[in-house]
Amino acid sequence: MKRTISPFFVSLIFLTIGVTILTGCVSNKNGEDKSVTKTEVGITGDWIIESILNQGTENPTPSQVNTTFSADSTGKDSYTVFGCAGVNDYNGTATLNENIISFSNIATTMKAGDPTAEEYERLYFNILNNASLIDFSANGNGLIIQDETGKNAILMKRLVLSDTKWILSAYNDGNSILTLPDSKLTLEFNSENGISGFTGINYLTGIYEVDYANRKLSLSNIGSTRMASPSETETVMEQKFLNLLGECTKYHSTGSVLRLMNNDGTLLLEFIKK
101 MKRTISPFFV SLIFLTIGVT ILTGCVSNKN GEDKSVTKTE VGITGDWIIE
151 SILNQGTENP TPSQVNTTFS ADSTGKDSYT VFGCAGVNDY NGTATLNENI
201 ISFSNIATTM KAGDPTAEEY ERLYFNILNN ASLIDFSANG NGLIIQDETG
251 KNAILMKRLV LSDTKWILSA YNDGNSILTL PDSKLTLEFN SENGISGFTG
301 INYLTGIYEV DYANRKLSLS NIGSTRMASP SETETVMEQK FLNLLGECTK
351 YHSTGSVLRL MNNDGTLLLE FIKK
């Protein structure tokens, strides 16, 4: 039987998170509108923690702390969950029946970190391990997990690509992942489902289609200016960058890192937040 979540928390999630996916439309050659952004109301996808309620007191996530939650479906009502709790990475499993949730097998790395981040991580794991109820905002972009007392809760918002800017930090050369410590290559996602960026020589544009719940991403109509480069190395890197963008079908975001992958889940491009 579905249990009730306090109206206070339902209101709080709207007031605190208040995130709206801006769904853009483009016209195809037949003049039909094609929705290019899809969000489902569900636990799957990537989320970032905005605040934690501890014994009735709200604790906004400190600016230097990046706490994330991701979930993938593994079957009916079952999920794998993973993320960064603030200092350490974690993974585990979850079961969900209507709005009743249970986490188990939570394992973490054992790194030490900033005391503020460690304390926030402690609060996060305490609530996660004792969570029993879950609810969503109407548009599916806000998520709240709480215990039965209603005094301890985690408030999250969905990580979206719209209005984000990224700098390329690594790429797949076909044999291994190569890092780019001084990269100038960029990629931006706007709120109207357009992409833009810098290839190191030219400026690119295109369209993105994203399914946030399933982390599916399609980049199409990619074009660029046609300025020549005196450097063969830059020319080769530019073409590699454009080719890899065209192969991307999946992604994963932590808010500070964006990874673009192909159908097999092979990492193609990795970016850091600009």
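To convert a position in the sequence shown, counted from 1, into the working numbering, add 100.
Backbone N, C-alpha and C define an ideal beta-carbon position, used for all residues, glycine too.
Reduced DSSP secondary structure (H/G/I, E/B, other) of residue 325
Numbered from 1 along the sequence shown, position 225 holds the residue referred to as residue 325. The answer is coil: DSSP assigns residue 325 none of H, G, I, E or B.
Assign residue 256 to one of three DSSP states: helix, strand, or coil.
The sequence position of residue 256 within the sequence shown is 156, counting from 1. Three-state result, residue 256: strand.
Any idea which residues DSSP pairs residue 359 with across the strands?
Sequence index remark: in the sequence shown, residue 359 carries index 259 (1-based). Partner(s): 352 and 370.
Considering only C-alpha positions, which residue in the set 224, 257, 181 and 157 is nearest to residue 237?
Residue 237 sits at position 137 when you count from the first residue of the sequence shown. Measuring from the Cα of residue 237, the nearest candidate turns out to be 257.
How would you write the range of the beta strand (DSSP E) that residue 339 sits in, first residue to last?
The sequence position of residue 339 within the sequence shown is 239, counting from 1. First-last for residue 339: 332–347, but that is the alpha helix (DSSP H), not the beta strand (DSSP E).
With DSSP run on the structure shown, which of helix, strand or coil describes residue 229?
Along the sequence shown, one-based indexing puts residue 229 at 129. Here residue 229 sits in helix by DSSP.
From this set, 160, 227 and 241, which residue's C-alpha is nearest residue 249's C-alpha?
In the sequence shown, counting from the first residue as 1, residue 249 sits at position 149. The candidate whose alpha carbon is nearest that of residue 249 is 227.
Where residue 303 and residue 335 are concerned, what is the direct C-alpha to C-alpha distance, given to the nearest angstrom?
Here residue 303 refers to the residue found at position 203 when the sequence shown is read from its first residue. Here residue 335 refers to the residue found at position 235 when the sequence shown is read from its first residue. The alpha-carbon atoms of residue 303 and residue 335 are separated by roughly 13 Å.
Less than 8 Å between C-beta atoms, sequence neighbours within five positions excluded: which residues of the same chain meet that for residue 271?
The count along the sequence shown starts at 1 and reaches residue 271 at position 171. So the qualifying residues of the chain are 277, 278, 280, 340, 341, 344, 368, 369 and 370.
Measure how close the beta-carbons of residue 202 and residue 195 come, nearest whole angstrom, since I'm counting them as under 8 Å.
Here residue 202 refers to the residue found at position 102 when the sequence shown is read from its first residue. Here residue 195 refers to the residue found at position 95 when the sequence shown is read from its first residue. Their Cβ separation, rounded to whole angstroms, is 5 Å, which keeps residue 202 and residue 195 in contact under 8 Å.
Expressed to the nearest angstrom, what Euclidean distance is found between the alpha-carbon atoms of residue 354 and residue 263?
On the sequence shown, position 254 is the one that residue 354 refers to. On the sequence shown, position 163 is the one that residue 263 refers to. Straight-line Cα distance between these residues: approximately 15 Å.
Pull up the distance between the alpha-carbon of residue 191 and that of residue 330, whole angstroms please.
As a first step, residue 191 is located in the sequence shown; it is residue number 91 there, counting from the start. As a first step, residue 330 is located in the sequence shown; it is residue number 230 there, counting from the start. Residue 191 and residue 330: Cα-Cα distance of roughly 47 Å.
Report yes if the CB atom of residue 148 is closer than 8 Å to the CB atom of residue 266, and no otherwise.
On the sequence shown, residue 148 is found 48 positions in, with the first residue counted as 1. On the sequence shown, residue 266 is found 166 positions in, with the first residue counted as 1. No, these two residues do not count as a Cβ contact at 8 Å.
Between which residues of its own chain and residue 172 is the CB-CB distance below 7 Å, once the five residues before and five after are set aside?
Here residue 172 refers to the residue found at position 72 when the sequence shown is read from its first residue. Excluding residues within five positions, the ones whose Cβ falls inside 7 Å are 144, 179 and 180.
Taking all protein chains shown into account, do 16 or more other C-beta atoms lie within 10 angstroms of the C-beta of residue 141, making it buried, or fewer, making it exposed?
Along the sequence shown, one-based indexing puts residue 141 at 41. So residue 141 counts as exposed.
Per-residue DSSP class, three states only, for residue 223
Here residue 223 refers to the residue found at position 123 of the sequence shown. If DSSP states are grouped into helix, strand and coil, residue 223 belongs with the helices.
With H, G and I counted as helix, E and B as strand and the rest as coil, what does DSSP make of residue 160?
Reading the sequence shown from its first residue, position 60 is the one you call residue 160. Residue 160: strand per DSSP, three-state reduction.
So, helix, strand or coil for residue 185, using DSSP?
The sequence position of residue 185 within the sequence shown is 85, counting from 1. Reduced to three states, the DSSP call for residue 185 is coil.
Taking only three categories from DSSP, how would you classify residue 121?
Here residue 121 is taken as the residue at index 21 of the sequence shown, counted from 1. Confidence at residue 121 is low in this model, with a pLDDT of 31, below 50, so its placement is unreliable and no value can be given for it.
Could you tell me the distance, in whole angstroms, from the CA atom of residue 374 to the CA atom of residue 261?
By 1-based counting over the sequence shown, the position of residue 374 is 274. By 1-based counting over the sequence shown, the position of residue 261 is 161. Cα to Cα, residue 374 sits roughly 13 Å from residue 261.
Note down, in chain order, each residue of its chain lying with its Cβ closer than 6 Å to the Cβ of residue 379, except the 5 sequence neighbours on either side.
Residue 379 lies beyond the range of the chain shown here (101 to 374); nothing can be said about it.
Contacting residues, own chain, Cβ-Cβ under 7 Å from residue 322 (five flanking each side not counted):
Residue numbering aside, residue 322 sits at position 222 when the sequence shown is read from its first letter. For residue 322, where only same-chain residues beyond five positions count, the Cβ hits under 7 Å are 304, 306, 342, 345 and 346.
For residue 218, does the three-state DSSP call read helix, strand or coil?
In the sequence shown, residue 218 corresponds to position 118, counting from 1. Of the three classes helix, strand and coil, the one that applies to residue 218 here is helix, per DSSP.
Which two residues bound the contiguous beta strand (DSSP E) that contains residue 154?
Your numbering for residue 154 matches position 54 in the sequence shown. Run containing residue 154: 145–154, per the beta strand (DSSP E) assignment.
Closest by C-alpha distance to residue 451, when choosing among 273, 218, 351 and 325:
A question about residue 451 goes unanswered here, because the residues of the chain that appear run from 101 up to 374.
Residues in the same chain with beta-carbon distance under 6 Å from residue 158, minus the five sequence neighbours each way, listed in chain order, please.
In the sequence shown, counting from the first residue as 1, residue 158 sits at position 58. So the list reads 151, once near-sequence residues are dropped.
From the DSSP output, which residues share a beta bridge with residue 294?
Position 194 of the sequence shown, counting from 1, holds the residue named residue 294. Answer by DSSP bridge pairing, in chain order: 307.
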